[in-house]
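Right, one structure below, let's go through it.
2 protein chains.
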Amino acid sequence: MNHKSLVFSLQVKLMSPSTDDKDGDADRLRNGLKEIGIHNVEIPLHILRRLPDALRESSFEVKPILGAQGQGYRLIDMKKKSLYGIALDIGTTNMSCSLFDLDACKKVDTYDIENPQLCYGTDILARVQRSMIEDSGGLTDSLIEGINVLINTICERNSMGSDEVCCLVVSGNTIMSHYFLGLDVRNIPVTPFIPSINGPVFTSAGETGIKIYKEASVYVFPNSGSYVGGDIISGILCSGIQKEEEPALFIDVGTNVELVLGCRDWIVVGAGAAGPALEDGVAGIGKKAEKGSIFGITIYRDTKTAALRVIGDAEPEGICGSGMIDLVAELFSAGIIDQAGKFVDSGGGIKENNGEKVYMLSETRGKELVISEKEVQNFLRSKAAMFAFLYVFVKAVGMRLREIKKVFVGGSMGCGINLENAIKIGMLPDLPRERFIPVGNSSLCGAEMVLCNRNVLDEIENIRSKITYREMGEDPELLNVLQAGLFIPHTEPEILRG
Amino acid sequence: MNHKSLVFSLQVKLMSPSTDDKDGDADRLRNGLKEIGIHNVEIPLHILRRLPDALRESSFEVKPILGAQGQGYRLIDMKKKSLYGIALDIGTTNMSCSLFDLDACKKVDTYDIENPQLCYGTDILARVQRSMIEDSGGLTDSLIEGINVLINTICERNSMGSDEVCCLVVSGNTIMSHYFLGLDVRNIPVTPFIPSINGPVFTSAGETGIKIYKEASVYVFPNSGSYVGGDIISGILCSGIQKEEEPALFIDVGTNVELVLGCRDWIVVGAGAAGPALEDGVAGIGKKAEKGSIFGITIYRDTKTAALRVIGDAEPEGICGSGMIDLVAELFSAGIIDQAGKFVDSGGGIKENNGEKVYMLSETRGKELVISEKEVQNFLRSKAAMFAFLYVFVKAVGMRLREIKKVFVGGSMGCGINLENAIKIGMLPDLPRERFIPVGNSSLCGAEMVLCNRNVLDEIENIRSKITYREMGEDPELLNVLQAGLFIPHTEPEILRG
Chain A
20 MNHKSLVFSL QVKLMSPSTD DKDGDADRLR NGLKEIGIHN VEIPLHILRR
70 LPDALRESSF EVKPILGAQG QGYRLIDMKK KSLYGIALDI GTTNMSCSLF
120 DLDACKKVDT YDIENPQLCY GTDILARVQR SMIEDSGGLT DSLIEGINVL
170 INTICERNSM GSDEVCCLVV SGNTIMSHYF LGLDVRNIPV TPFIPSINGP
220 VFTSAGETGI KIYKEASVYV FPNSGSYVGG DIISGILCSG IQKEEEPALF
270 IDVGTNVELV LGCRDWIVVG AGAAGPALED GVAGIGKKAE KGSIFGITIY
320 RDTKTAALRV IGDAEPEGIC GSGMIDLVAE LFSAGIIDQA GKFVDSGGGI
370 KENNGEKVYM LSETRGKELV ISEKEVQNFL RSKAAMFAFL YVFVKAVGMR
420 LREIKKVFVG GSMGCGINLE NAIKIGMLPD LPRERFIPVG NSSLCGAEMV
470 LCNRNVLDEI ENIRSKITYR EMGEDPELLN VLQAGLFIPH TEPEILRG
Chain B
20 MNHKSLVFSL QVKLMSPSTD DKDGDADRLR NGLKEIGIHN VEIPLHILRR
70 LPDALRESSF EVKPILGAQG QGYRLIDMKK KSLYGIALDI GTTNMSCSLF
120 DLDACKKVDT YDIENPQLCY GTDILARVQR SMIEDSGGLT DSLIEGINVL
170 INTICERNSM GSDEVCCLVV SGNTIMSHYF LGLDVRNIPV TPFIPSINGP
220 VFTSAGETGI KIYKEASVYV FPNSGSYVGG DIISGILCSG IQKEEEPALF
270 IDVGTNVELV LGCRDWIVVG AGAAGPALED GVAGIGKKAE KGSIFGITIY
320 RDTKTAALRV IGDAEPEGIC GSGMIDLVAE LFSAGIIDQA GKFVDSGGGI
370 KENNGEKVYM LSETRGKELV ISEKEVQNFL RSKAAMFAFL YVFVKAVGMR
420 LREIKKVFVG GSMGCGINLE NAIKIGMLPD LPRERFIPVG NSSLCGAEMV
470 LCNRNVLDEI ENIRSKITYR EMGEDPELLN VLQAGLFIPH TEPEILRG
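Going down the list, the protein sequences come from chains A and B. Numbering-wise, the first sequence is residues 20 to 517 according to my numbering. Numbering-wise, the second sequence is residues 20 to 517 according to my numbering.
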């Protein structure tokens, strides 16, 4: 059995009551747990009601399920065949979860769906504005409903009931965490930008409306204010920056670009909207990373045709973030676009499509996947913004990029991207390649760490206590670096080497 | 404002958020409370949801309502005009409550009704046996329903809504506390007599089904096993025995006789069924202490007629415990009964009524209140059992009655009894009168103390840790003393002086 997870069960052999040992049932259980170092156990009334039978049915050799909370524990149930937990990352665009067998501390499956709040606006501020003029209940309701679908689906896929899930760990940005908990978001977007709560929230599934085991422990990551959400804290936890001796950088690109530079002594966080970011917003054929998405591309230098790598080896239906990086790098290398991202008429491979010049990635069963010059330039704006944020941020902290020995790369870019291509187009700095460490969905990864090891709760408080936030939009150098970054790789390639 | 009550509110002036002070709302409140020494404040999710508005509506000068629980506090609400609390004593036969204005720490009213479980049996064991063969839900439901009627009535009498009540403190014997909480009672009456819980229970009104403010704090007294319930612990608290330097005695007569002998170093509790006790079970005209009950009697030595003192100055409808003590003492003093409780034919005052000899207390509007020889003897059995328990118990602890300097007298005997008469008939020991201290309904009184002062929670744990229980039914001397006690005052009056 795994005794370290946030919710855990353990075998406890209690003495049977006798005329010399007349402790009440709850007191007996509490004393038994105290002997093995588990203090401050809250026993909810409705579980206390079932306790005497549970103890006697098992002849006082019990397997209580406990959830860590605050300085103590809550008794969640008395016994279950298996103990499952779910880690959940609520992104502005996508929600990802992983299902764990907590006894074995083993990941069983992962699954993701779109955030159902997208119908209220792709931009998170549009959603908050809606909450400010009408009741925010609808946004919470749609989110909870979507999460219930997500959880139900992953449970069904694994032939289990969602009521077998005894623990849920949630990370998300400050607004998403607030919507999840049904908290008031209306003070977050107006100065001085105050969330309802910064600290972590321990509650039960029943309180949140999430349809897992009603008494299941729910832990929601703390935030460090409106801009530094639980997702970033979770990402830091995942990267382990807070333990590094020398400053390390963490880049996470989701709907926003999040930047963290820090070590065991200090952590600075910066964030900024990267314009239409690297997800599905850039191009008409943009698509999140799922079956049918192009994630890798090679363009033959002779025929100018593209060889595609598609998720699930399916027919290509669109292109995801890592595919876009490959596409632009390959278009440039194959001489189809120039440094400014403009089509080179003499380069070949360009077709006319409905009166517009496009590069055609594929044409199957009459469905064409094409990219236009304008879409390439949209992408360049995003990559330029990203690098500009990165450059200005590191400089503002008083360092140079070349001094950084570890660069953790997370978010939609985190796994599967062609590092060489990302550097070639000037999106990532031109540092020795071994310094880059992919961390995938770091927010989900941090949530999984809490799920499997409650000791990291202290680590999270440690991270929070070290964080300072640096506003990114106000730096005068930002716009200059951004402008220069609209070229491939950059008009001043020297700064790419920090 | 009273800051000491179990649930209390206090004015806290928080700093308004600013760009230099961006704490979240919940964190701001917690920090503000920490500064005035209030740590570990749990904020339930549904109160957190309303917190941002509450803080801003009051310009951050808030009046949180907090309930003490375990090592910390729970935020119950943000502001209320007044703060009310209820102390409740759940007796096997009667339930009494008092309503407090917690801000002023002032008792507003008291009220009592019969325990609605009486329809399941006057004897508590009959009720538990019923729970053992069928579901015990019915017994809990009827109790909760009755308490809701009681609370609703006392609130209506004082022109307030029951949802204004934010705190409920409950004392009762172990079985009553279990029924109140809906706990399993089935292991209590069988060896080794194990309750579901010994420790105190902190919960919310919503969890119990009590219809006061849903988030109201509910505190249920702990017990020291099946025989030493929260009512006794509450009674001890009320008497203050745990602080006495020299051993003091506490006698509480309700449906059972409860005896406590102790001081600041040790406390011994004994209990026993006193047969049909001093409440309404003894005589056909027996009645609990309420309007229309005879509570005091003088019999004129010449006419042998009785002058009655009736509760509420109403028409007499029956006789309560203190009335019975007076009646028997006066019948004896007036020569109407002899030492053995038999009618003295030559004494006068005796009438024939439906073929039975009776003494007539009153005859109004054709309704006769009479007492028979058999009923007098029933009463003598009860008083004999009571004294026998007392004598044997004190002796078993290794003391003599005459050594005891303080005798607290509680229960239905506690207020209004004619001490001289109780001693004259041999029910109480013949000690100097100034040693007797009436404490009334001591179980309710202890509950009121908790309601008004949460610091006594530690005192309660202190009492619990000192208690030992002495089984009373097994002493071979008991039956001898009981037999001798069937006379007035006793066949060996010397032992009445301990």
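We put the beta carbon where it would ideally sit given N, CA and C, even for glycine.
Same chain, Cβ closer than 8 Å to residue i, neighbours up to 5 away in sequence not counted
i               : result
V31 of chain A  : L48, G51, L52, I55, E80, V81, K82 and P83
D128 of chain B : S117, L118, I173, R176 and N177
Rounded C-alpha distance that separates residue i from residue j
i               : j               : result
G417 of chain A : E392 of chain A : 37 Å
G8 of chain A   : I330 of chain A : Look at the range of chain A in this structure, 20 to 517, and you will see that residue 8 of chain A is not part of it.
K23 of chain A  : V469 of chain A : 10 Å
I304 of chain A : R283 of chain A : 42 Å
M405 of chain A : L278 of chain A : 10 Å
E226 of chain B : L64 of chain A  : 7 Å
G340 of chain A : G156 of chain A : 33 Å
A407 of chain A : A441 of chain A : 14 Å
N242 of chain B : Q396 of chain B : 35 Å
N373 of chain A : S115 of chain A : 38 Å
Where residue i sits in the DSSP three-state scheme
i               : result
N134 of chain A : coil
K414 of chain B : helix
Q358 of chain B : coil
Q88 of chain A  : strand
N113 of chain A : strand
Y103 of chain A : strand
Y139 of chain A : helix
I423 of chain A : coil
Y232 of chain A : coil
M179 of chain A : coil
V168 of chain B : helix
L350 of chain B : helix
F199 of chain B : helix
G38 of chain A  : According to the sequence as given, residue 38 of chain A is Thr; it is not Gly. T38 of chain A falls in the coil class under three-state DSSP.
S341 of chain B : helix
Per-residue burial, residue i [other beta carbons within 10 Å of its own, 16 or more giving buried]
i               : result
P214 of chain B : buried
A296 of chain B : Legend: pLDDT at A296 of chain B = 48, less than 50; position of this residue unreliable, no value from coordinates given.
R494 of chain A : Residue identity check: residue 494 of chain A is Asp in the sequence provided, not Arg. D494 of chain A is buried by the Cβ-count criterion.
M34 of chain A  : exposed
F27 of chain B  : buried
C257 of chain B : buried
K100 of chain A : exposed
D142 of chain B : exposed
Y319 of chain B : exposed
S245 of chain A : buried
T383 of chain B : exposed
R146 of chain A : buried
P71 of chain B  : buried
Same chain, Cβ closer than 6 Å to residue i, five either side skipped, listed in chain order
i               : result
K126 of chain A : S117 and F119
L420 of chain B : V413, P448 and G517
G433 of chain A : Per-residue confidence for G433 of chain A stands at a pLDDT of 48, beneath the threshold of 50, marking its modelled position as unreliable; the derived number appears in the next sentence. Excluding positions up to five away in sequence, the list reads P457, V458 and G459.
I286 of chain A : K485 and I486
E511 of chain A : A503
R93 of chain A  : E61 and G86
Contacting residues, own chain, Cβ-Cβ under 7 Å from residue i (five flanking each side not counted)
i               : result
N167 of chain A : I229 and K230
Review point. Listed from N- to C-terminal order along the chain, which residues in the region 62 to 76 of chain A have their beta-carbon within a distance smaller than 7 Å of any beta-carbon of chain B?
Key: L64, L67, R68, L70, P71 and D72
Practice item. Closer than 9 Å, Cβ to Cβ, to anything on chain B: give me those residues from the region 36 to 56 of chain A, in chain order. Key: P36, S37, T38, D39, D40, K41, D42, G43, D44, A45, D46, R47 and R49
Review point. What residues in the region 210 to 238 of chain B have a beta carbon less than 8 Å from any beta carbon of chain A?
Key: T210, P211, F212, I213, P214, S215, I216, N217, G218, V220, T222, E226 and T227
Exercise for review: Residues of the region 150 to 175 of chain B with a CB closer than 8 Å to any CB of chain A: list them in chain order, please.
Suggested key: none
Exercise for review: Note down, in chain order, all residues in the region 448 to 480 of chain A with a beta-carbon under 9 Å from any beta-carbon belonging to chain B.
Suggested key: none
Exercise for review: Compile a chain-ordered list of the residues in the region 339 to 371 of chain B whose CB is closer than 7 Å to at least one CB of chain A.
Suggested key: none
Practice item. Report the residues of the region 180 to 202 of chain B with a CB closer than 7 Å to any CB of chain A, ordered along the chain. Key: L200, G201 and L202
Point to revise | chain B contacts from the region 242 to 264 of chain A (Cβ-Cβ distance under 7 Å) | key: G244
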